[in-house]
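Here the structure is laid out as structure tokens; the discussion comes afterwards.
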Amino acid sequence: MPGDRLSATPHRCPGFVTDLVLRCADGEEEALGRLVDLFLPWVLGVVGEASSLMTDALAVEAFGRMWREAPGFDPKLGGAVAWVLEQARLTRVDTLRRGGLRSATAGD
1 MPGDRLSATP HRCPGFVTDL VLRCADGEEE ALGRLVDLFL PWVLGVVGEA
51 SSLMTDALAV EAFGRMWREA PGFDPKLGGA VAWVLEQARL TRVDTLRRGG
101 LRSATAGD
């Protein structure tokens, strides 16, 4: 639908985001693309790092995590917007635990 991306900001349309996550759980790639369109600036802010290359890589990893974990999303347990941002946060935390950010940005 034209205008979805402009009018459906995450904090204003949580039902729209829930629908996208549930569609990802069903394997609908278009829904993942819409999540990326809608959340990329937010995810970049959550995973942000000194190296823009590392930030981009973490964002890609975060959306991959959302795709893999979407079948476990339950809207009865919490909101989709919070779930999306939590997946981004967990991606950053996991990378930190593996030492990935330190080694990737050491040369910057």
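Residues in the sequence shown are numbered from 1 upward in steps of one, following the working numbering.
Yeah, the Cβ is synthetic: ideal placement off N, Cα and C, and Gly gets one too.
None of these values were measured; they are calculated from a predicted model.
- Closest option to V43, judged by alpha-carbon separation, among G27, T91, L96 and G99: T91.
- Every alpha helix (DSSP H) of 4 residues or more that sits fully in the stretch 18 to 61 is shown, in chain order, as 29 to 47.
- The stretch 66 to 77 and the stretch 24 to 31 touch, with no fewer than 3 CB-CB distances between them shorter than 8 Å.
- Exposed is the label assigned to V93, since fewer than 16 other Cβ atoms lie within 10 Å of its Cβ.
- Contact check for V46 against L96 fails: the beta carbons are separated by 8 Å or more.
- Around the beta carbon of E30, fewer than 16 other beta carbons sit within 10 angstroms, so the residue counts as exposed.
- The C-beta of R34 has 16 or more other C-beta atoms within 10 Å across all chains shown, which makes the residue buried.
- Between V60 and V17, the C-beta gap is not smaller than 8 Å, which leaves the two residues out of contact.
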